[in-house]
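Asks: Pasting a structure below so you can have a look.
2 protein chains.
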Amino acid sequence: MRVELVTIGNELLLGFTVDTNGAEIARALSAVGVEVVRRTAAPDRAEEIAAAVADGLRRTGAVLTTGGLGPTRDDVSKKAVAELYGVPLEFDEVVWSDIVSRFARAQRAPAAANRSQAEVPRGATVLRNKWGTAPGLWLDGELGLTIMLPGVPPEMRKLLELEVLPRLAARASGSVVRSLVVRTTAIPESTLAERMGEIEREIAPLTVAYLPGTEGVDLRATAWGMGPGEADRRLRAAADLLRERAGEHVYGEGDADLAAVVLEHARRAGLSLGSAESCTGGLVGGRLTDVPGSSDVFAGGVICYSNRLKAELLGVPPDLLAEHGAVSEAAARAMAEGARTRMGVDVAVSVTGIAGPGGGTPEKPVGTVWFAVASPGATETRRIVFLGSRREIRDRAAQTALFLVLRRLPA
Amino acid sequence: MRVELVTIGNELLLGFTVDTNGAEIARALSAVGVEVVRRTAAPDRAEEIAAAVADGLRRTGAVLTTGGLGPTRDDVSKKAVAELYGVPLEFDEVVWSDIVSRFARAQRAPAAANRSQAEVPRGATVLRNKWGTAPGLWLDGELGLTIMLPGVPPEMRKLLELEVLPRLAARASGSVVRSLVVRTTAIPESTLAERMGEIEREIAPLTVAYLPGTEGVDLRATAWGMGPGEADRRLRAAADLLRERAGEHVYGEGDADLAAVVLEHARRAGLSLGSAESCTGGLVGGRLTDVPGSSDVFAGGVICYSNRLKAELLGVPPDLLAEHGAVSEAAARAMAEGARTRMGVDVAVSVTGIAGPGGGTPEKPVGTVWFAVASPGATETRRIVFLGSRREIRDRAAQTALFLVLRRLPA
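These protein sequences, in sequence, are chains A and B.
Each residue of the first sequence is one higher than the one before, starting from 238 at the first, in the working numbering.
Each residue of the second sequence is one higher than the one before, starting from 238 at the first, in the working numbering.
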């Protein structure tokens, strides 16, 4: 089965908004064997939307749109598609009651503008949206199949997964394109490539891509156009090889989150965690608490951005800070040990560094970060010089702090 | 002047990677009057890349590519374009010395794989990359102009801004497409739309778009195809009208960051800030410390995820927590006042809530968050029920905490 995507919004054409939906939908459709043959971005004008959808229907018989279903006046997709199919828009009581109860949950009342969101092209199946106010639509007619999803990413995602993919998978069949990601961190891309050796030859016809980001380098193996069973078997073998070569720098597969891996290891070992952050200013705590259920392992942390708070909240001796500086092995060690004692946790990690853009010196350039992990019996320290912007240095430092904790936890 | 974009990478076609570069480049080019007439995504195969670039050159005479310049074997763009232009790749000593010194700054040595990054098509102007190892290239020949940029976003961005835009702006002329964003927060999209009234008619021919996100709703006014002077004048008038209608919910324009606005207001008033976070787990601290120079205002914070730490680090009475619960007005108030006293700051903000997905009750559903802002003379509290995923609830709560602090600071 072949489908075209039409993503709607002036912002996409002018680049004001990034087309995350197009990418996410392409990936999800490929995985169930539906081929995306073209991606088009259309502006918020009814005639342009109708033309893009009509072109797509002519070529493939199936179009999936996102965007243009909101309550504001620049949202015109539904009207455009209804006119293309030659059907009127009709007020739908079920959709309206979904909208009213959604607002009630937030203890508010819908605005008049929301009423237009309850209008549905005659003959369309409503894909009920429990995560927002714009319903999805499934319009199957003489012209072909048009699926309309809201542009708000979490709503699009839920409707795609729960309502659209099962229906499309039932229509599609045959070969698939599947991928498997092995996630690594704390190793540069070029060093990782050297470890990989002749991997491209060894895993062919699968391919491998190196995807560097602030969390590390992801290795993505892809199986192209084969049956799902063969694809999964070959991907598993390729991933095992990638894991073996990347060694201790691997922390998971797929969309594994290092913070979740750390929490899981600590939970299994019965160890509680705490943090003491200076240059990352809460990012380590933010990463850990982003994981549902983190509270049984992560007790909390201290953001000791000023030297005064390093002393007051963690008991770091002011003399030590005066002698070695706040960005030093001694300070990192004292912060981690202080956090461990003051918070009464088993393992505490500290981060202190120079995130820039100012504050660097020849001995301690911007990007210099000291880490310490205090755990029962010992405190380990590590110094790394990160490259990049302030944000990249901070994100990489938070990821590295989590990696250093992971290496101190029982496997 | 007209240009085509070719973004390179299998990931883009299959949707494994989101094409942020394409959007960013389209925006930057529009702003200097260069029209992007087509966007194509090409896979990591030399013949496909060459075909996409050749097609683009034939239609417009100018192509800008991103991606495929890294050290790994899936990076083949440069070779493909050199062959298309019929020129060899030559080792460039200046580029190599840039690469070597970049690695030296991180106290490492380049890998053998990095040598290929110093190869340059004969006749190309090197756009020196101080932020990564892959140089940009400007290849102007009989076939037309091909500009090649690395795919790593921060590197692409810097080269685009410093090397490419000035050169292109010199070639282009005439009308531009420009936008101006007014940023609002803590007001739903539909309520904001009601406040706006007949804004579309009033600011025509400019358009306005509502762009909701976890930080709030951005209002983007756009002037299409007029001279830069007129565009800027009309945008200023439109933005003033948007600001007037949105009222107290406006916190800035463009890419204004609420955390930076808060820090600026506090700095002017000579007030220091601190935070006490439960459900946001460090996100408020993370937002504030993401701003360079935040340390003179933001002293630090406490991530008191467990009730024990709420008591030990902030002095919240255990009885109070037992009676009212950790998610309560009393707890929020005690946290903010405790943080203010313990940290010795002028203004402290607290956040305690239920981010979900578990932990909700009929009286306190998932998304319920209590805030308190303790400042000289008074403590104000606020309860909001946020909708969305755990991540959205946390991000929105962090943004709201910053908004509540801003409203307590002198204007």
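In this text, a Cβ means the ideal position worked out from N, Cα and C, and glycines have one as well.
Any beta carbon from chain A within less than 8 Å of B:E272's own beta carbon?
Replies: Residue numbering aside, residue 272 of chain B sits at position 35 when the second sequence is read from its first letter. Not closer than 8 Å to any Cβ of chain A, the Cβ of B:E272 fails to qualify, so no.
Asks: Excluding the five sequence neighbours on either side, which residues of its own chain have a C-beta within less than 6 Å of the C-beta of B:A567, listed in chain order?
Replies: On the second sequence, residue 567 of chain B is found 330 positions in, with the first residue counted as 1. In chain order, L557, H561 place their CB closer than 6 Å to the CB of B:A567, counting only its own chain and leaving out the 5 sequence neighbours on each side.
Asks: When you compare only the Cα positions, how much space is there between A:S536 and A:A468?
Replies: For the purposes of this step, residue 536 of chain A is taken as the residue at position 299 of the first sequence. For the purposes of this step, residue 468 of chain A is taken as the residue at position 231 of the first sequence. A small correction: the amino acid at residue 536 of chain A is Ala; Ser does not occupy that position in the sequence shown. So the two alpha carbons sit approximately 42 Å from each other.
Asks: Do we get a CB-CB distance below 8 Å when we pair A:T428 with the residues of chain B?
Replies: Counting from 1 along the first sequence, the entry for residue 428 of chain A is found at position 191. Chain B places a beta carbon closer than 8 Å to that of A:T428, counting this residue as a contact.
Asks: Which word fits A:V499, buried or exposed, when buried means at least 16 other C-beta atoms lie within 10 angstroms of its C-beta?
Replies: Locating residue 499 of chain A in the first sequence gives position 262, where the first residue counts as 1. By the neighbour-count rule (16 or more Cβ atoms within 10 Å), A:V499 is buried.
Asks: From the DSSP output, which residues share a beta bridge with B:F608?
Replies: In the second sequence, the residue the question calls residue 608 of chain B occupies position 371. Answer is B:V588, B:R619, bridged to B:F608.
Asks: Any beta carbon from chain A within less than 8 Å of B:Q344's own beta carbon?
Replies: Along the second sequence, one-based indexing puts residue 344 of chain B at 107. For B:Q344, the nearest beta carbon of chain A is closer than 8 Å to its own beta carbon.
Asks: By the 10 Å Cβ neighbour count, where 16 or more other Cβ atoms means buried, how is A:K395 classified, buried or exposed?
Replies: As a working mapping, residue 395 of chain A is identified with position 158 in the first sequence. With 16 or more other Cβ atoms within 10 Å, it is buried.
Asks: Name the residue from A:L249, A:T254, A:A268, A:I245 whose alpha carbon lies nearest to the alpha carbon of A:A460.
Replies: Within the first sequence, residue 460 of chain A is the residue found at index 223, counting from 1. It is A:A268.
Asks: Can you list, in chain order, the residues of its chain with a C-beta nearer than 8 Å to that of B:I336? Leave out the 5 residues immediately preceding and following it.
Replies: Counting from one through the second sequence, the residue named residue 336 of chain B turns up at place 99. For B:I336, where only same-chain residues beyond five positions count, the Cβ hits under 8 Å are P347, N351, Q354, A355, T370.
Asks: Taking Cβ to Cβ, would you say B:E400 is nearer than 8 Å to B:L448?
Replies: Residue 400 of chain B sits at position 163 when you count from the first residue of the second sequence. Residue 448 of chain B sits at position 211 when you count from the first residue of the second sequence. Contact flag unset, no.
Asks: Give me, in chain order, the residues of the same chain whose beta-carbon lies closer than 8 Å to that of B:H502; leave out the 5 immediate sequence neighbours on both sides.
Replies: Your numbering for residue 502 of chain B matches position 265 in the second sequence. Correct list, in chain order: L643, L646, P647, A648.
Asks: Give, in chain order, every residue of the stretch 427 to 460 of chain A whose Cβ lies closer than 8 Å to some Cβ of chain B.
Replies: S427, T428, A430, E431, E437, T444, V445, A446, Y447, L448, P449, R457, T459
Asks: Have a look at B:T421, B:A441, B:G518 and flag the residue whose alpha-carbon is nearest the alpha-carbon of B:E485.
Replies: Taking the second sequence and counting its residues from 1, one reaches residue 485 of chain B at position 248. For B:E485, the nearest C-alpha among the options comes from B:T421.
Asks: My output table needs one value for A:A513: the three-state DSSP class, helix, strand or coil.
Replies: Residue mapping note: residue 513 of chain A aligns to position 276 of the first sequence, counting from 1. DSSP places A:A513 in strand when its eight states are reduced to three.
Asks: What are the residues in the stretch 238 to 249 of chain A lying within 8 Å of chain B by C-beta distance?
Replies: G246, N247, E248, L249
Asks: Assuming A:R570 and A:T618 make a contact with CB atoms under 8 Å, what is their CB distance in whole Å?
Replies: By one-based count along the first sequence, residue 570 of chain A stands at place 333. By one-based count along the first sequence, residue 618 of chain A stands at place 381. Right, the Cβ-Cβ distance comes to about 6 Å (below 8 Å), so this counts as a contact.
Asks: What residue range does the alpha helix (DSSP H) around A:V332 cover?
Replies: Indexing the first sequence from 1 puts residue 332 of chain A at position 95. Taken as a continuous stretch (DSSP letters only), the alpha helix (DSSP H) holding A:V332 covers 330 to 342.
Asks: Tell me which residue opens and which closes the beta strand (DSSP E) that B:M385 is part of.
Replies: As a position in the second sequence, residue 385 of chain B is number 148, starting the count at 1. Element bounds for B:M385: 381 to 386.
Asks: In whole angstroms, what separates the C-alpha of A:Y322 from that of A:E398?
Replies: Translated into positions along the first sequence, residue 322 of chain A becomes position 85. Translated into positions along the first sequence, residue 398 of chain A becomes position 161. Rounded to the nearest angstrom, the two C-alpha atoms are 26 Å apart.
Asks: Flag this pair as yes or no: are the beta carbons of B:V564 and B:T526 separated by less than 8 Å?
Replies: In the second sequence, the residue the question calls residue 564 of chain B occupies position 327. In the second sequence, the residue the question calls residue 526 of chain B occupies position 289. Against a cut-off of 8 Å, the Cβ pair of B:T526 and B:V564 comes out as no contact.
Asks: So the candidates are A:T383, A:A493, A:R342; which of them puts its Cα closest to the Cα of B:T598?
Replies: By one-based count along the second sequence, residue 598 of chain B stands at place 361. Nearest of A:T383, A:A493, A:R342 to B:T598, Cα basis: A:R342.
Asks: Considering only DSSP beta bridges, list what B:T526 is partnered with.
Replies: As a working mapping, residue 526 of chain B is identified with position 289 in the second sequence. None, per the DSSP bridge assignment.
Asks: Would you report the Cα separation of B:F640 and B:E481, rounded to the nearest angstrom?
Replies: Looking up residue 640 of chain B in the second sequence gives position 403. Looking up residue 481 of chain B in the second sequence gives position 244. C-alpha separation (whole angstroms): 18 Å.
Asks: Anyone know if the C-beta pair for B:W607 and B:G590 falls short of 8 Å?
Replies: Taking the first residue of the second sequence as position 1, residue 607 of chain B is located at position 370. Taking the first residue of the second sequence as position 1, residue 590 of chain B is located at position 353. The answer is yes: Cβ separation under 8 Å.
Asks: For B:P613, is the classification buried or exposed, using 16 other Cβ atoms within 10 angstroms of its Cβ as the cut-off for buried?
Replies: Translated into the one-based positions of the second sequence, residue 613 of chain B becomes position 376. Label assigned to B:P613: exposed.
Asks: Quick one: grab the DSSP three-state call for A:A626.
Replies: On the first sequence, residue 626 of chain A is found 389 positions in, with the first residue counted as 1. In the sequence under discussion, the amino acid at residue 626 of chain A is Ser, which differs from the Ala named in the question. Reduced to three states, the DSSP call for A:S626 is coil.
Asks: Just to confirm before moving on: does the CB-CB distance between B:G538 and B:S512 stay below 8 Å?
Replies: Taking the second sequence and counting its residues from 1, the one referred to as residue 538 of chain B is at position 301. Taking the second sequence and counting its residues from 1, the one referred to as residue 512 of chain B is at position 275. It is a contact, given that the beta carbons lie within the stated cut-off.
Asks: Measure the alpha-carbon distance for A:V445 versus A:D455 and round it to whole angstroms.
Replies: Translated into the one-based positions of the first sequence, residue 445 of chain A becomes position 208. Translated into the one-based positions of the first sequence, residue 455 of chain A becomes position 218. Taking the straight line from one Cα to the other gives about 10 Å.
Asks: Of all the CB atoms in chain A, is at least one closer than 8 Å to the CB of B:F608?
Replies: Locating residue 608 of chain B in the second sequence gives position 371, where the first residue counts as 1. No, no contact with chain A.
Asks: Could you give the DSSP three-state label for A:E501: helix, strand or coil?
Replies: As a working mapping, residue 501 of chain A is identified with position 264 in the first sequence. Helix at A:E501.
Asks: For a quick check, are the C-beta atoms of A:E261 and A:T254 less than 8 Å apart?
Replies: Against the first sequence, residue 261 of chain A aligns to sequence position 24. Against the first sequence, residue 254 of chain A aligns to sequence position 17. Against a cut-off of 8 Å, the Cβ pair of A:T254 and A:E261 comes out as no contact.
Asks: Let me make sure I understand the geometry here. Which of A:G293, A:A287, A:D281, A:E285 has the alpha-carbon closest to that of A:A304?
Replies: The residue labelled residue 304 of chain A in the question sits at position 67 within the first sequence. Residue identity check: residue 304 of chain A is Gly in the sequence provided, not Ala. Nearest of A:G293, A:A287, A:D281, A:E285 to A:G304, Cα basis: A:D281.
Asks: Hey, quick one: how far does the alpha helix (DSSP H) through B:M580 stretch, first residue to last?
Replies: The residue labelled residue 580 of chain B in the question sits at position 343 within the second sequence. 566 to 580 is the extent of the alpha helix (DSSP H) around B:M580.
Asks: Apply the 10 Å Cβ neighbour rule to A:D256 and answer buried if 16 or more other Cβ atoms are within range, or exposed otherwise.
Replies: Position 19 of the first sequence, counted from the start, is the residue given in the question as residue 256 of chain A. The residue in question, A:D256, is buried, as its Cβ has 16 or more Cβ neighbours within 10 Å.
Asks: Using the beta-carbon of each residue, which ones in chain A are nearer than 7 Å to B:N351?
Replies: Your numbering for residue 351 of chain B matches position 114 in the second sequence. What B:N351 touches in chain A: S427.
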